[in-house]
Amino acid sequence: MAHLGNNLPRHSILGNSALAAVLSRRATLRQLGLAGLSLAAAPAFAEDLIKLPLPSDPRERPLTHDFPQKGTMILQRTRPPLLETPFEVFDRGVFTPNDQFYVRWHWAVIPTSVEVNTFRLAVRGHVNQTLSLSIDDLRSLPQVELAAVNQCSGNSRGYYEPRVAGAQWSHGAMGNALWTGVRLKDVLDRAGVKAGAVQVRFDGLDEPVVPDAPDFKKSLDVDHARDGEVMIAYAMNGEQLPLLNGFPLRLIVPGWYSTYWVKMLSDIEVLDKKDDNFWMAVAYTIPDTPHASITPGQTGEKLVPINKMVPRSFFTNVASGATLPAGSAPLRGIAFGGDSGVAKVELSIDDGKSWQPTALGKDHGKYSFRQWEANVLLGAKSSHSFMVRCTNQAGDVQPDAPNWNPSGFMRNVIETLQVTAS
Amino acid sequence: MHKQIIAVACLTAGLLYATPAWVQDKIEIKSTKVDLPAGDSLFPGEGADAINNNCLACHSADMVLTQPALPKATWEAEVHKMITTYKAPVDEQDVAAIVEYLVKTKGKN
Chain P
5 MAHLGNNLPR HSILGNSALA AVLSRRATLR QLGLAGLSLA AAPAFAEDLI KLPLPSDPRE
65 RPLTHDFPQK GTMILQRTRP PLLETPFEVF DRGVFTPNDQ FYVRWHWAVI PTSVEVNTFR
125 LAVRGHVNQT LSLSIDDLRS LPQVELAAVN QCSGNSRGYY EPRVAGAQWS HGAMGNALWT
185 GVRLKDVLDR AGVKAGAVQV RFDGLDEPVV PDAPDFKKSL DVDHARDGEV MIAYAMNGEQ
245 LPLLNGFPLR LIVPGWYSTY WVKMLSDIEV LDKKDDNFWM AVAYTIPDTP HASITPGQTG
305 EKLVPINKMV PRSFFTNVAS GATLPAGSAP LRGIAFGGDS GVAKVELSID DGKSWQPTAL
365 GKDHGKYSFR QWEANVLLGA KSSHSFMVRC TNQAGDVQPD APNWNPSGFM RNVIETLQVT
425 AS
Chain X
24 MHKQIIAVAC LTAGLLYATP AWVQDKIEIK STKVDLPAGD SLFPGEGADA INNNCLACHS
84 ADMVLTQPAL PKATWEAEVH KMITTYKAPV DEQDVAAIVE YLVKTKGKN
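Taken in sequence, the protein lines are chains P and X. Take any residue in the first sequence, count from 1 to its spot, add 4: that is its number in our numbering. Take any residue in the second sequence, count from 1 to its spot, add 23: that is its number in our numbering.
Spelled out as structure tokens, the structure:
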């Protein structure tokens with residue numbers, strides 16, 4: 005603890021109040037530590053608990069209403085916030101409401117206020133002209149809209165066996181929104197990318213608590229950044245972004261994991277070489293193997309930055325352990341194809357021995373959630389393993405066996421529910 | 024809802040088009056100020072002084088308390104990752120006590 009007081013942070017963009025809060029918290033912690041207190045860690049703001057169907061304890065999480073611009077969320081971590089979407093939200097529609105869209109931050113220094121008139125997005129580096137763009141400047145560019153799933157690389161990590169360290173998410177570290185903003189390409193064209201550009205690096209307003217820790221930055225290859233689909237969003241689902249989802253600007257990288265969707269985007273740097281920063285070269289890397297899967301304990305595999313998402317599907321109107329009335333049972337859920345659209349969603353009620361087609365709902369584009377539904381006939385007093393699997397338009401299908409890697413990334417095994425008919 | 028319809032029309036063509044000016048709603052973007060919960064609850068139980076003194080500046084205790092049981096070697100690796108990779112200002116003399124607390128509360132053979 006003695007070191008903490010020496011590490012005055014470099015909160016250049018923070019208001020005095022936020023800085024004071026961090027320092028004050030440190031002082032409080034120091035005093036408490038010196039006093040040798042060991043108080044119970046009951047979250048004072050927890051109003052209710054939810055039990056997640058994880059393979060081992062602890063399964064209970066507080067349901068919280070204490071985060072700004074957020075309704076009921078599953079509290080995975082208070083600071084920096086990790087807030088999971090309660091799964092029943094996905095049964096209510098194909099778009100995830102902003103106030104229940106999941107939240108994930110790496111560092112605890114998050115600006116708690118953003119002034120729209122003074123906010124600027126920098127575009128710099130290997131460009132002809134450095135830019136400093138206001139929100140209005142951005143909004144003078146052509147407006148585009150896209151429905152796209154945003155999913156944490158570690159969504160469903162809590163189901164990994166053997167268990168791995170990290171946020172113990174159930175399946176709710178994902179959401180689907182209609183994103184409104186501008187093409188990244190249009191912004192880069194305005195700056196004029198010089199020949200020889202290799203990658204484009206993105207940074208947000210969040211900062212590490214400890215000054216020499218690695219600031220969170222992510223990069224895309226220059227051709228990807230200029231593909232006309234990658235966006236800078238200033239709205240989701242028709243409204244400005246909640247602060248915890250990246251207000252005022254967020255990078256949208258359709259079909260790729262959320263680690264690239266930099267929140268509170270404030271700096272775009274065109275690089276003339278490959279980005280070797282920690283968050284690209286070390287963190288968020290996966291084994292370069294099918295399904296990013298290795299045997300627990302296996303080492304020495306080549307590692308590559310995580311990238312495209314893979315197909316997934318879920319039941320949304322029935323949970324494992326449910327008892328349904330015998331007879332005709334209406335089942336429904338959501339699916340997404342990853343980096344291509346949903347081609348088909350199939351259903352099994354006999355542990356994968358036979359599969360039947362489902363009817364797909366309205367197509368909101370290849371990067372969106374797509375709803376599916378089907379009716380099945382359940383015999384009296386029967387037991388079933390319900391499964392649902394998505395095949396995307398590239399022909400990729402969810403695997404029968406779970407993948408494993410030490411980071412708990414890219415789970416997309418066919419999920420199975422145990423259901424009984426009365 | 025007309026926005027969604029437009030998005031579908033655009034995507035069917037596999038491209039992302041500009042919304043025509045005549046259907047654009049001007050989405051209002053306003054300055055925002057929020058308060059975030061402090062998340063300063065302490066680790067409970069015996070032997071928690073070291074983890075309380077060293078770990079709570081960067082993250083709240085619930086991150087650790089929601090972890091599954093993990094082997095001692097995993098906890099040692101986690102603590103050292105915090106120090107070497109994430110530059111957590113942990114007193115070297117407290118490392119053993121932090122690992123001991125983690126193994127006691129979240130340990131697995």
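Glycine included, C-beta positions come from ideal geometry on N, C-alpha and C.
Helix, strand or coil at residue i according to DSSP, with G and I counted as helix
i	result
X:CYS78	helix
P:HIS388	strand
P:ASP131	It should be pointed out that residue 131 of chain P corresponds to Val in this sequence rather than to Asp. DSSP places P:VAL131 in strand when its eight states are reduced to three.
P:VAL274	strand
P:LEU53	strand
P:PRO166	coil
P:ARG124	coil
P:LEU182	strand
P:PRO291	strand
X:LYS104	helix
P:LEU192	helix
P:GLU149	strand
X:SER64	coil
P:LYS267	coil
X:LYS95	helix
X:LYS129	helix
P:LEU58	coil
P:PHE206	strand
P:SER136	strand
P:GLN155	strand
P:TRP260	strand
P:ASN379	strand
P:LEU255	strand
CB contact below 9 Å: residue i versus chain P
i	result
X:GLU101	yes
X:VAL126	no
X:ALA119	no
X:VAL122	no
X:ALA92	yes
X:LYS95	no
X:GLY130	no
X:TRP45	For X:TRP45, the predicted model reports a pLDDT of 49, less than 50, meaning its position is unreliable and no value from the coordinates is stated.
Buried versus exposed call for residue i [16 or more other C-beta atoms within 10 Å across all chains shown]
i	result
X:GLU69	exposed
P:PHE165	In the sequence as displayed, the identity of residue 165 of chain P is Glu instead of Phe. The residue is exposed, with fewer than 16 neighbouring Cβ atoms inside 10 Å.
P:VAL286	exposed
P:VAL346	buried
P:HIS130	buried
P:THR303	exposed
P:GLU92	exposed
P:HIS295	buried
P:GLN172	buried
X:TYR124	buried
P:THR82	buried
P:GLU233	buried
P:LEU33	The pLDDT assigned to P:LEU33 is 41, lower than 50, so where the model puts this residue is not dependable, and the model offers no usable value.
CB contact check: residue i to chain X, cutoff 9 Å
i	result
P:ASP61	yes
P:GLY75	no
P:PHE71	yes
P:GLU305	no
P:ASN121	yes
P:GLY259	no
P:ARG167	yes
P:TYR288	no
P:TRP376	no
P:ILE310	no
P:ARG415	no
P:PHE162	The question names Phe, but residue 162 of chain P is Gly in the sequence shown. By this cut-off, P:GLY162 is an interface position.
P:PRO57	no
P:TRP111	yes
P:GLU273	no
beta-carbon residue i near the ligand FAD non-hydrogen atom, thresh 8 Å
i	result
X:LYS104	What this structure holds is no ligand at all, so the ligand FAD is not there to describe.
*Count the CB pairs spanning the region 128-141 of chain P and the region 110-121 of chain X that are closer than 8 Å, and state whether there are at least three.*
Touching, no.
*Report the residue ranges of all beta strand (DSSP E) runs contained in full by the region 208-243 of chain P; include only those spanning at least 3 residues, in chain order.*
For the region 208-243 of chain P, whole beta strand (DSSP E) runs of length 3 or above, ordered along the chain, are 221-225, 235-240.
*Give, in chain order, every unbroken run of the beta strand (DSSP E) that is at least 3 residues long and sits entirely within the region 78-102 of chain P.*
Qualifying beta strand (DSSP E) stretches, in chain order: 86-88.
*asked:* To test your reading of the DSSP string, which unbroken beta strand (DSSP E) runs of 3 or more residues are found completely within the region 298-372 of chain P?
replied: 307-309, 316-319, 331-340, 346-352, all fully within the region 298-372 of chain P.
*Evaluate contact between the region 407-414 of chain P and the region 158-169 of chain P, counting only Cβ atoms and requiring at least three cross-stretch pairs below 8 Å.*
By the Cβ test, the region 407-414 of chain P is in contact with the region 158-169 of chain P, since at least three Cβ pairs between them sit closer than 8 Å.
*Which residues, in chain order, does the region 210-224 of chain P contribute to contact with chain B at a C-beta distance below 7 Å?*
In summary, chain B is missing from the structure at hand, where the protein chains are P and X.
_contact_flag[the region 322-339 of chain P, the region 364-383 of chain P] where n(CB pairs < 8 Å) is 3 or more_ = Three or more Cβ pairs closer than 8 Å define a contact, and the region 322-339 of chain P meets that threshold against the region 364-383 of chain P.
*Is the region 111-129 of chain P touching the region 265-280 of chain P in the sense that three or more CB pairs, one from each, lie closer than 8 Å?*
Short answer: they touch.
*Is the number of C-beta pairs between the region 48-66 of chain X and the region 362-378 of chain P that are closer than 8 Å three or more?*
No, the region 48-66 of chain X is not in contact with the region 362-378 of chain P.
*Contact between the region 301-318 of chain P and the region 230-250 of chain P: three or more CB pairs below 8 Å?*
These segments do not touch.
*If you pair each beta-carbon of the region 80-99 of chain X with each one of the region 57-76 of chain P, do three or more pairs fall below 8 Å?*
Enough Cβ pairs lie closer than 8 Å, so yes.
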